[in-house]
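Working notes for the structure below.
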Amino acid sequence: MPEVTITYKNPKTLEALKDLSKYFDFIISKPKTKKKDKLPDNTFTINGVTVVRGDSSIDISEMSDVFTGKNIDAKELRKEAWQRHK
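Note that our numbering has the sequence shown beginning at 2, numbered continuously upward.
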């Protein structure tokens, strides 16, 4: 069955379409919710990118051996490792 999407600004337009649907035999249905509208509570969106909040109950003590004594600087890491190579 063919479908048509109508965008309107005035709420009276919807009422007029509902009245017309009785005479012209068409159905008005609610729009489907978009996936981004159904984000869980622990997520949010920044510039179209979904970010999941960290879980503070996770034990990361096993990772300390990997990073201890390495003198890793976040600024240097971004400068060296995160650059795109052309």
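Note that the Cβ used here is the ideal one computed from N, Cα and C, for glycine as well. Computed from a predicted model, the values in this text were never measured in an experiment.
Quick check on DSSP: helix, strand or coil for residue i?
i, result
"Val50", "strand"
"Phe25", "helix"
"Thr44", "strand"
"Thr8", "coil"
"Met64", "helix"
Less than 8 Å between C-beta atoms, sequence neighbours within five positions excluded: which residues of the same chain meet that for residue i?
i, result
"Val52", "Thr44, Phe45 and Thr46"
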